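The structure appears right after this line, and notes come after that.
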Amino acid sequence: MTDSFPRFTPVADHALLVEFAETQDEAAHEAVLALDAALSQAPCPGLREWVPAIVNLLVDFDPRVSDHATIRAHVERLLHRPRALSAKPRTHKVGVCYEAPLAPDLDEVARLTGLSADAVIAAHLGAEYRVTMYGFAPGYAYLAELPKALRLDRKTAPVRGVPDGSVIIAGAQCLVTTLTMPTGWWRLGRSPARILTGDEAAPFLFDVGDRVRFTRLTLDDYSRQTEHDDG
Amino acid sequence: MAEAHFSVAFAGPLISLQDSGRPGHLRFGVPASGAMDRRSLALANIALNKPEGAPVIEVSLGGLTLDCTEGAVSLAITGGGFVIELDGQPVAPWSVLTIRAGQRLVVRRGHWGAWAYLAFAGDLEAPLWLGSASTIAASGLGGGMVTTGSTIRVRDTALVPDRRMPLPVTARPRAHLHVVPGPQMRCFRPEALETLLRGPWHVTPQGDRMGVRLKGPALELGDALQIPSEPILRGSIQVAGDGVATVLMADHQTTGGYPKIATLLDDDLDGFAQLRPGDALDFTRLTPDEAVEQARFHATRLADYFEHAKQAARR
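Chains as they are written, first to last, in this note's numbering: chain A, 1 to 231; chain B, 232 to 546.
Structure representation (structure tokens):
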């Protein structure tokens, strides 16, 4: 049996999962972004919210108003349309301080990758990342396309109390944390950027599909930018 | 304007301010949160002629002791069958009562139910995040956790007569639950769904606002298939690599890479939340169409009940 995509799977009484692939796949993620844009331009009755992820998108609806078949028909109509112009992705510049007190795993990452610490930083700064989805906790935006030279499995045991603003990597992903939480990812540095912005009109710094580039901050830059927050 | 102040003499774990939640932000990693038993939250507010989704205190099995230090205010208590005492005098659960400065209210675990709700006839002071006072327990975002030594303030207080509320049948813990299989059936061995439906299942003590782990037969995964992280809903039955099932609840992670064998009907989740560790439960399979039909039936019935409760509160 061969599966054909997109595949539609009803979830409980109020959602429909639209899958474009089963494994990580560039074209599938593009299709997710296109459907995400199309749904925001052409919502249908009963649509409550939808969640774009890596190769699939979940549509949540009000079962008093709609049902799985109606939502599916709407999504299929959108998929058969010429692709909606998604909003041009924004590119964000996010500062990172890689200095010792804020980069507890930098030397270990250098050792494991066989690079110098400076080469790790250069590789991290050299890439353009894509916001593929949010998950885990509020504001945890997964940034894909970490350079191959930096890809490591996560640690065998998580480290507790990793502070918010930590810039962490594992596998092909990078992430700027928003909360103090345990993590098994590698801590490359710290950012003063606030992904939970505190601005009610635009509460999250990134949208799924946006691009991110990191810029290097000195300890002084970092302190100045964070003092601002604490004051 | 009149105010009432409380000092929290004792608070068990996982007690927080909650309201009807903050839906609409799943795409940014933010679960809807809100009460574990949304129906009881609504009925506590309705009893005081307040909007259904207004902020309340959600009390866990750990229990809560409040000392009223200033003012007086009426409050409504709903949810599980907790033991409630006002200055040492027993009060039935599902009651409206009034507390005054110098009095102590104790809410502690009783014979049934896992969560109780305290709504106040006034405005419970609660910081908002993204327009909601609901607290995400893991991060403290929102109204915040209620801890021993903290202070609770209610503004614009009112006093209403004491009364008992009828306990709606639907507020009871619900052990017979309905699921729609999927969405990742393909990740499981073919017999896993039968195993889920056969049980037996029990609630374990490993439960919080994010999810409740179940004890039961192992739900065997098929070939170790790595699924890319995908969206999760409240009510998803997620199965980790060890075959253990967890039902995801109000503060669930919004995406994850563990496969989901089935998803509970939304209407069953409030009653499921009121089960306690050790309680037995079972699952019945519905088709997606049957699930939607059930959802509509329950929504109509619940709306009728709320209307009835609103009229009772106005009398």
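Positions of the beta carbon are idealized from the N, C-alpha and C atoms, including for glycine.
These numbers come from a predicted model, not from an experiment.
Item: Return yes when the Cβ of G135/A is within less than 9 angstroms of the Cβ of G487/B, no when it is not.; Value: yes
Item: What first and last residue would you give for the alpha helix (DSSP H) that runs through D501/B?; Value: 500-504
Item: Whole angstroms are fine: how far does the CA of A137/A sit from the CA of L196/A?; Value: 11 angstroms
Item: Which residue from I288/B, A345/B, F313/B, G474/B puts its Cα closest to that of L424/B?; Value: G474/B
Item: Hey, which unbroken runs of the beta strand (DSSP E) at 3 residues or more fall wholly within the segment 446-507 of chain B?; Value: 467-470, 476-479, 491-495
Item: Cα-Cα, which of S305/B, A530/B, I315/B is closest to V290/B?; Value: I315/B
Item: Measure the C-alpha to C-alpha separation of R190/A and C97/A and round it to an integer number of angstroms.; Value: 5 angstroms
Item: Between V294/B and M267/B, what straight-line distance do the alpha-carbon atoms span, to the nearest angstrom?; Value: Here residue 294/B is Gly; the residue named in the question, Val, does not match the sequence. Each residue's Cα considered, the two are about 16 angstroms apart.
Item: The beta strand (DSSP E) that contains S238/B, what's its start and end?; Value: 234-242
Item: Report the CB separation of T9/A from L17/A in whole angstroms; it is logged as a contact under 8 angstroms.; Value: 4 angstroms
Item: Taking the Cβ atom as the reference point for each residue, do H407/B and E49/A lie within a distance shorter than 9 angstroms?; Value: no
Item: Quick check on E461/B - is its C-beta less than 9 angstroms from some C-beta in chain A?; Value: yes
Item: Quick one: which chain A residues come within Cβ less than 8 angstroms of Q525/B?; Value: D13
Item: Verify whether the separation of the beta carbon atoms of F351/B and V287/B is less than 9 angstroms.; Value: yes
Item: Can you find a C-beta in chain B that's less than 9 angstroms from the C-beta of E49/A?; Value: yes
Item: Kindly indicate which three-state DSSP category Y222/A falls into: helix, strand or coil?; Value: helix
Item: Which chain A residues are close to L530/B, counting only those with a beta carbon under 7 angstroms from its beta carbon?; Value: According to the sequence displayed, residue 530/B carries Ala and not Leu. Near A530/B (Cβ distances below 7 angstroms), the residues of chain A are R64.
Item: Alpha carbon to alpha carbon, how far is M1/A from G438/B?; Value: Legend: pLDDT at M1/A = 40, less than 50; position of this residue unreliable, no value from coordinates given.
Item: Please name the residue, chosen from F537/B, T515/B, A233/B, that lies closest to L398/B on a Cα-to-Cα basis.; Value: F537/B
Item: Applying the 10 Å Cβ sphere with the 16-neighbour rule, what's the burial state of K148/A?; Value: exposed
Item: Could you name the residues of the segment 475-487 of chain B whose beta carbon sits closer than 9 angstroms to any beta carbon of chain A, in the order they occur along the chain?; Value: Q484, T485, T486, G487
Item: Looking only at C-alpha atoms, which of R386/B, R545/B, F313/B sits nearest to A357/B?; Value: R386/B
Item: For the segment 375-385 of chain B against the segment 337-356 of chain B, are there 3 or more C-beta pairs whose distance is under 8 angstroms?; Value: yes
Item: Please name the residue in H483/B, A307/B, P421/B whose C-alpha comes closest to that of L390/B.; Value: A307/B
Item: Any beta-carbon of chain A closer than 9 angstroms to the one on T494/B?; Value: yes
Item: Identify which residue in G319/B, R532/B, V304/B has its Cα closest to the Cα of R331/B.; Value: V304/B
Item: What are the boundary residues of the alpha helix (DSSP H) that includes Q525/B?; Value: 519-545
Item: From the DSSP output, read off the bridge partner residues of P10/A.; Value: L16/A
Item: So the candidates are R546/B, V410/B, A364/B; which of them puts its Cα closest to the Cα of P254/B?; Value: A364/B
Item: With DSSP as the reference, identify every bridge partner of M376/B, one or two as the case may be.; Value: S247/B
Item: Classify K235/A as helix, strand or coil using the three-state DSSP reduction.; Value: It is not possible to answer for residue 235/A, since the shown part of chain A is limited to 1 through 231.
Item: Quick one: does H74/A have its CB under 9 angstroms from some CB of chain B?; Value: no
Item: Which same chain residues, not among the five before or five after E451/B, have their C-beta less than 7 angstroms away from its C-beta?; Value: F419, R420, A423, G474
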